[in-house]
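*Asks:*
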Amino acid sequence: MTFEELQKAAPAYMPFEYRRFEKGLLRPDGQPGFNTQTGRIELWSHYYNNVHLDPLPYFVEPEPGPGSTPELFEEYPLILTTGARDWASFHSEHRQIDRLRAYKKNPTVEVHPETLAALGLADGDWVWVENHLGRAKRKVKSTPIVDPRMVAADHAWWLPESDPEKLFEVFDYNINALLPWSPGKSGFGANYKNSICKIYKVEEGE
Amino acid sequence: MTRYGLLIDHEWCTGCHSCEMACQMEHTMPVGQCGILVKEIGPWQIDETTWQYGYLPVPTRQCDLCADRTAKGKAPTCVQHCQARCMEYGPIEELSRKLAEKPEQALFCVA
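As given, the protein sequences belong to chains A and B, one line each in that order. Using my numbering, read the first sequence as starting at 428 and increasing by one per residue. Using my numbering, read the second sequence as starting at 5 and increasing by one per residue.
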């Protein structure tokens, strides 16, 4: 269709139906119910049981973490959270658009002022955010909106103004270097985007 | 002469900068200039349960209330693009009445 036709038709959605479980639209045999062995929503899961996983939901301390790896936590005593959204970008997009980059010039880590005081750091300092798996550079943003026990680093940074041969310095700024690549024993889902870390000043020339 | 302006309900402004972006693009302004600017106020703690953490968009001297758009019956582009729908354009008389209806609003007389 032409853009003008699209303008008239928009917003346009794929057709959808409600209460498909009542109409037999969820199961391969066309019967009413959910797509499980019993046709019911299963809190005790036959599927999980059949593959020798725990059929009931359970909680496991995040790893690494203060509960699961206390020795590591001694060395990396801050809880790290990543990926909070910023108005100026989407994942790794938009760093190269001047108007949007003007809103968020640098990759940041948000740190509570009390934590900064305890570490002898200040708003605007460049720091390494580091743990046993890797490290990434961030500029400190002092803010009371994060808990003093944690730091919040943004993600997906690369510097379009830097050297393409060095992949725009992505490896100096990649917060994923601190994250493990395991989704847990079922293989379902994704890895944790949170971890533990320490932060310290970037030295001259690093 | 009738004065026109922008009534902004800053209780609901989320600081998304859509108004700024729309304005810059509509009027092709250089990066760093704008007809409207969003100011962040806070965050700071007031008492045990209350924080100040809000935003206020402020029209600048470069705001002409999108005269080209309003001549065609369209809203100024900032008003049009506000994702929180917290901005209104109109005659000052009319907007003044709405201003009195609730707190945490600001009325800017622009033109």
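Just so it is clear, CB atoms sit at the ideal spot from N, CA and C, and this is done for glycine as well.
Classify residue 8(B): buried if its beta carbon has 16 or more other beta carbons within 10 angstroms, exposed otherwise.
*Replies:* The count along the second sequence starts at 1 and reaches residue 8(B) at position 4. Buried: at least 16 other Cβ atoms inside 10 Å.
*Asks:* How should residue 507(A) be labelled, buried or exposed, when 16 other C-beta atoms within 10 angstroms of its C-beta is the threshold for buried?
*Replies:* For the purposes of this step, residue 507(A) is taken as the residue at position 80 of the first sequence. Answer is buried; the Cβ neighbour count reaches 16.
*Asks:* Within 10 angstroms of the Cβ of residue 39(B), are there 16 or more other Cβ atoms? Answer buried if so, exposed if not.
*Replies:* The residue you call residue 39(B) lines up with position 35 of the second sequence. Flag for residue 39(B) reads buried.
*Asks:* Pick out the complete alpha helix (DSSP H) segments inside the region 538-598 of chain A, 4 residues or longer, and give them in chain order.
*Replies:* 540-546, all fully within the region 538-598 of chain A.
*Asks:* Would DSSP call residue 513(A) helix, strand or coil?
*Replies:* The residue labelled residue 513(A) in the question sits at position 86 within the first sequence. Correct three-state label for residue 513(A): coil.
*Asks:* Cβ closer than 9 Å: which chain A residues qualify as neighbours of residue 35(B)?
*Replies:* The count along the second sequence starts at 1 and reaches residue 35(B) at position 31. Here the neighbours are 525, 526, 528, 529.
*Asks:* Tell me the DSSP bridge mates of residue 91(B)?
*Replies:* Position 87 of the second sequence, counting from 1, holds the residue named residue 91(B). DSSP, once it has assigned bridges, lists 12(B) as partnering residue 91(B).
*Asks:* Could you check whether the Cβ of residue 514(A) sits closer than 7 Å to any Cβ belonging to chain B?
*Replies:* Taking the first residue of the first sequence as 1, we reach residue 514(A) at position 87. Yes, residue 514(A) lies at the interface with chain B (some Cβ there is under 7 Å from its Cβ).
*Asks:* At a CB-CB cut-off below 8 Å, which residues of chain B make contact with residue 623(A)?
*Replies:* For the purposes of this step, residue 623(A) is taken as the residue at position 196 of the first sequence. Per Cβ cutoff of 8 Å: no residues; residue 623(A) is ~25 Å from chain B at best.
*Asks:* Compare the C-beta of residue 468(A) against all C-beta atoms of chain B and say whether one is closer than 7 Å.
*Replies:* Locating residue 468(A) in the first sequence gives position 41, where the first residue counts as 1. Cβ-Cβ to chain B under 7 Å: no for residue 468(A).
*Asks:* Just checking: is the beta-carbon of residue 482(A) within a distance shorter than 7 Å of some beta-carbon in chain B?
*Replies:* As a working note, residue 482(A) is residue 55 in the first sequence. By this cut-off, residue 482(A) is not an interface position.
*Asks:* Use the C-beta contact count for residue 105(B): other C-beta atoms within 10 angstroms, 16 or more gives buried, fewer gives exposed.
*Replies:* Against the second sequence, residue 105(B) aligns to sequence position 101. Looking at its Cβ environment, which holds fewer than 16 other Cβ atoms inside 10 Å, residue 105(B) is exposed.
*Asks:* With 16 as the cutoff for other CB atoms within 10 Å, does residue 28(B) come out buried or exposed?
*Replies:* Residue mapping note: residue 28(B) aligns to position 24 of the second sequence, counting from 1. It is buried - the Cβ of residue 28(B) has at least 16 other Cβ atoms within 10 Å.
*Asks:* For residue 47(B), go through chain A and note every residue whose CB falls closer than 8 Å to its CB, in chain order.
*Replies:* For the purposes of this step, residue 47(B) is taken as the residue at position 43 of the second sequence. Per Cβ cutoff of 8 Å: 570, 571, 572.
*Asks:* Answer yes or no: does any C-beta atom of chain A fall closer than 7 Å to that of residue 21(B)?
*Replies:* Residue mapping note: residue 21(B) aligns to position 17 of the second sequence, counting from 1. With 7 Å as the cut-off, residue 21(B) counts as an interface residue toward chain A.
*Asks:* Can you tell me the Cα-Cα spacing of residue 584(A) and residue 95(B), whole angstroms?
*Replies:* As a position in the first sequence, residue 584(A) is number 157, starting the count at 1. As a position in the second sequence, residue 95(B) is number 91, starting the count at 1. Their backbone Cα atoms lie some 45 Å apart in a straight line.
*Asks:* Would you decide whether residue 579(A) is buried or exposed? Buried here means 16 or more other CB atoms lie within 10 Å of its CB.
*Replies:* For this step, residue 579(A) is matched to residue 152 along the first sequence. Per the 10 Å Cβ criterion, buried.
*Asks:* Per DSSP, residue 112(B) forms a beta bridge with which residues?
*Replies:* To locate residue 112(B), count along the second sequence from 1; it is residue 108. According to DSSP, which records beta bridges pairwise, residue 112(B) is partnered with 10(B).
*Asks:* Would residue 522(A) be called buried (16 or more neighbouring beta carbons within 10 Å of its own) or exposed?
*Replies:* Position 95 of the first sequence holds residue 522(A). The residue in question, residue 522(A), is buried, as its Cβ has 16 or more Cβ neighbours within 10 Å.
*Asks:* DSSP three-state call for residue 97(B): helix, strand or coil?
*Replies:* Position 93 of the second sequence holds residue 97(B). Looking at residue 97(B) - three-state DSSP - the assignment turns out to be helix.
*Asks:* Judging by CA-CA distance, which residue of 496(A), 444(A), 501(A), 534(A) is the nearest neighbour of residue 513(A)?
*Replies:* Locating residue 513(A) in the first sequence gives position 86, where the first residue counts as 1. Ranking the options by Cα distance to residue 513(A), first place goes to 534(A).
*Asks:* Here's the rule: buried if 16 or more other CB atoms are within 10 angstroms of the residue's CB, otherwise exposed. What is residue 67(B)?
*Replies:* As a working mapping, residue 67(B) is identified with position 63 in the second sequence. Buried.
*Asks:* List the residues that DSSP assigns as beta-bridge partners of residue 59(B).
*Replies:* Here residue 59(B) corresponds to residue number 55 of the second sequence, with the count starting at 1. According to DSSP, which records beta bridges pairwise, residue 59(B) is partnered with 44(B).
*Asks:* Please state if the CB of residue 55(B) and the CB of residue 47(B) are separated by a distance shorter than 7 Å.
*Replies:* Here residue 47(B) corresponds to residue number 43 of the second sequence, with the count starting at 1. Here residue 55(B) corresponds to residue number 51 of the second sequence, with the count starting at 1. It is a contact, given that the beta carbons lie within the stated cut-off.
*Asks:* Would you call the region 546-557 of chain A and the region 479-491 of chain A in contact, with 3 or more CB pairs under 8 Å?
*Replies:* Counting Cβ pairs under 8 Å, fewer than three are found: no touch.
*Asks:* Tell me the residue span of the alpha helix (DSSP H) that contains residue 477(A).
*Replies:* Start at 1 with the first residue of the first sequence, and residue 477(A) comes out as number 50. Counting along the chain, the alpha helix (DSSP H) containing residue 477(A) begins and ends at 473-477.
*Asks:* Under DSSP, the beta strand (DSSP E) around residue 624(A) begins and ends at which residues?
*Replies:* Against the first sequence, residue 624(A) aligns to sequence position 197. Note, residue 624(A): beta strand (DSSP E), 621-628.
*Asks:* Are the Cβ atoms of residue 604(A) and residue 561(A) separated by less than 7 Å?
*Replies:* Locating residue 604(A) in the first sequence gives position 177, counting from the first residue. Locating residue 561(A) in the first sequence gives position 134, counting from the first residue. Cβ atoms of residue 604(A) and residue 561(A): closer than 7 Å.
*Asks:* For the alpha helix (DSSP H) holding residue 74(B), just list the boundary residues, first then last.
*Replies:* Along the second sequence, one-based indexing puts residue 74(B) at 70. Residue 74(B) -> alpha helix (DSSP H) spans 71-75.
*Asks:* So which residues of chain A does residue 91(B) contact, with C-beta pairs closer than 7 Å?
*Replies:* Counting from 1 along the second sequence, the entry for residue 91(B) is found at position 87. Simply none; closest approach about 17 Å.
*Asks:* Which residues in chain A sit within 9 Å of residue 5(B), going by Cβ to Cβ distance?
*Replies:* One-based indexing of the second sequence puts residue 5(B) at position 1. Near residue 5(B) there are no residues of chain A at all, since even the closest Cβ is about 35 Å away, more than 9 Å.
*Asks:* Using DSSP bridges, identify the partner residues of residue 50(B).
*Replies:* Numbered from its first residue, the second sequence carries residue 50(B) at position 46. In DSSP, residue 50(B) forms no bridge with anything.
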